[in-house]
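A.B. asks:
Numbering (this note's numbering), first residue to last: 29 to 233.
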């Protein structure tokens, strides 16, 4: 982003693509790799320009797997053969922003943090393979089912048996947390089953 008065600017995205005279810009790269992104700005005080460079790493979305019946859970859980047996372990192993944690069928009633069965404390997607009828996150009657940080998303789970003063089923940090294709039922104690977040295609009862 450019701040202050400029007479001209150029964004070079490192893949033979450049745009001119925009205070900010977005770009998508077509291939994996490392790209040096250079912003050059000019004004009367700096006729030769001033530049800033950042290297952008374009990688495949990392996937971490969870299967309740996994026989060989091995961090960082990057295949079904080494899948985690509880969801929290796979979430904790996901260190790259926008990673995917993919969960197979089962009832997940172990693991988590003190207040939540699953605490998604980073920007990633937590998704089941076959939807809420076959994939359950169970709070065990003693904790919230799911906590979602800014930018996190949850899709395809039944959230049940959660207990918390607010958001017993799911608590979203802000409207940037997204819930879709979930059934939220049988959670209790003060507050709503779903606390502020952006809920899509979600059944709460």
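We put the beta carbon where it would ideally sit given N, CA and C, even for glycine. Everything numeric in this text was worked out from a predicted model, so none of it was measured.
Might you give, ordered along the chain, the residues of its own chain that have their beta carbon closer than 7 Å to the beta carbon of residue 80, omitting 5 neighbours on each side?
C.D. replies: By 1-based counting over the chain shown, the position of residue 80 is 52. Around residue 80: 67.
A.B. asks: Round the Cβ separation of residue 162 and residue 126 to the nearest angstrom and send it over; I've been treating them as touching at under 8 Å.
C.D. replies: As a first step, residue 162 must be located in the chain shown, where it is residue number 134. As a first step, residue 126 must be located in the chain shown, where it is residue number 98. About 25 Å; that fails the 8 Å criterion.
A.B. asks: With a threshold of 8 Å on Cβ separation, who are the neighbours of residue 191 within its own chain once the five nearest residues in sequence on each side are excluded?
C.D. replies: The residue labelled residue 191 in the question sits at position 163 within the chain shown. These residues qualify, in order along the chain: 167, 169, 170, 171, 172, 215, 216, 217.
A.B. asks: Let's test the definition: count the other Cβ atoms within 10 Å of the Cβ of residue 47 and tell me whether it reaches 16, buried, or not, exposed.
C.D. replies: Numbered from 1 along the chain shown, position 19 holds the residue referred to as residue 47. Flag for residue 47 reads exposed.
A.B. asks: Among the residues of its own chain, which have a CB less than 8 Å from the CB of residue 76, if the five just before and after it don't count?
C.D. replies: Start at 1 with the first residue of the chain shown, and residue 76 comes out as number 48. 70.
A.B. asks: Less than 7 Å separating the Cβ of residue 214 from some heavy atom of the ligand NAP?
C.D. replies: Looking for the ligand NAP in the displayed structure turns up nothing, as the structure carries no ligands at all.
A.B. asks: Among the residues of its own chain, which have a CB less than 6 Å from the CB of residue 128, if the five just before and after it don't count?
C.D. replies: The sequence position of residue 128 within the chain shown is 100, counting from 1. Within the same chain, residue 128 has close Cβ partners 89, 91, 153.
A.B. asks: Tell me whether residue 203 sits in a helix, a strand or coil according to DSSP, three-state version.
C.D. replies: For the purposes of this step, residue 203 is identified with residue 175 of the chain shown, where counting begins at 1. Note: residue 203 maps to coil in three-state DSSP.
A.B. asks: Find the nearest neighbour of residue 82 within the set 160, 150, 39, judged by alpha-carbon distance.
C.D. replies: Taking the first residue of the chain shown as 1, we reach residue 82 at position 54. When only C-alpha atoms are compared, the closest one is 39.
A.B. asks: Enumerate in chain order the residues of its own chain whose CB-to-CB distance from residue 183 is below 6 Å, with the five nearest sequence positions on each side excluded.
C.D. replies: Working through the chain shown from its first residue, we reach residue 183 at position 155. Within the same chain, residue 183 has close Cβ partners 155, 208, 209.
A.B. asks: Can you list, in chain order, the residues of its chain with a C-beta nearer than 7 Å to that of residue 104? Leave out the 5 residues immediately preceding and following it.
C.D. replies: Translated into the one-based positions of the chain shown, residue 104 becomes position 76. Same-chain partners within the cutoff: 92, 121.
A.B. asks: Does DSSP put residue 116 in a helix, in a strand, or in coil?
C.D. replies: Counting from 1 along the chain shown, the entry for residue 116 is found at position 88. Three-state result, residue 116: helix.
A.B. asks: Let's see if you can read the secondary structure: which residues bound the beta strand (DSSP E) around residue 145?
C.D. replies: By 1-based counting over the chain shown, the position of residue 145 is 117. 144-148 is the extent of the beta strand (DSSP E) around residue 145.
A.B. asks: Taking the continuous beta strand (DSSP E) assigned at residue 68, which residues delimit it?
C.D. replies: Position 40 of the chain shown holds residue 68. Note, residue 68: beta strand (DSSP E), 61-71.
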